[in-house]
Amino acid sequence: MLSQPNRDILREVGPHEPMDSIVRFAESQKSLMDTKTKLKEAESQEKALKIKLTTAKDSAKALQEEINHLNKEFVLIKVNAKKVEEKLKTDLEEAEAKILKTHEAGPNKAFHLVKYFFKDANTSFFDVDKDVTQQGELVGENNMPTKEVLDLA
Numbered sequence: 032m033l034s035q036p037n038r039d040i041l042r043e044v045g046p047h048e049p050m051d052s053i054v055r056f057a058e059s060q061k062s063l064m065d066t067k068t069k070l071k072e073a074e075s076q077e078k079a080l081k082i083k084l085t086t087a088k089d090s091a092k093a094l095q096e097e098i099n100h101l102n103k104e105f106v107l108i109k110v111n112a113k114k115v116e117e118k119l120k121t122d123l124e125e126a127e128a129k130i131l132k133t134h135e136a137g138p139n140k141a142f143h144l145v146k147y148f149f150k151d152a153n154t155s156f157f158d159v160d161k162d163v164t165q166q167g168e169l170v171g172e173n174n175m176p177t178k179e180v181l182d183l184a
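Next up, the structure:
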């Protein structure tokens with residue numbers, strides 16, 4: 032028994048070609064179904080791509096926020112480094128002024144009163160106001176400065 036659409040096709044074509052018409056109709060129906068399947072696959076791929084695009088946009092936004100945060104921290108570090116540099120310059124100028132002031136009092140006296148900056152094992156800085164003779168490496172024979180200290184002066 033033929034379905035109603037197939038009977039309509041037989042009436043239009045006539046009795047001399049019923050099987051060819053049915054085959055063509057079946058092929059067109061199959062082609063239509065294949066096209067619908069491909070369309071659904073394309074739509075699902077489009078949805079997946081939209082999700083990936085949204086995820087990529089969110090990731091890019093998060094990365095941009097992180098970059099902005101790091102840039103702010105970098106600016107703060109630069110500002111702090113500039114302050115430290117200015118402080119060290121001021122301390123150096125003060126130390127040089129003390130050296131000159133003490134040197135005017137007498138060359139041997141200068142090496143006993145100068146403020147030295149040393150770096151300890153914990154990499155922190157501290158000031159030492161001690162007699163240079165206690166510093167061993169700075170004073171040579173007869174309580175006179177070593178060549179390296181004189182080269183620094």
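Its first residue numbered 32, the sequence shown is counted upward by one per residue in this note's numbering.
Even for Gly, the Cβ is constructed at its ideal location relative to N, Cα and C.
The C-alpha of Asn99 is placed about 10 Å away from the C-alpha of Ala93. The straight-line gap separating the alpha-carbon atoms of Ala91 and Ile108 is approximately 25 Å. Between the alpha carbons of Ala57 and Lys78 lies a distance of about 32 Å. Within the same chain, no residue comes within 6 Å of Lys132 by CB-CB distance, once the 5 residues on both sides are set aside.
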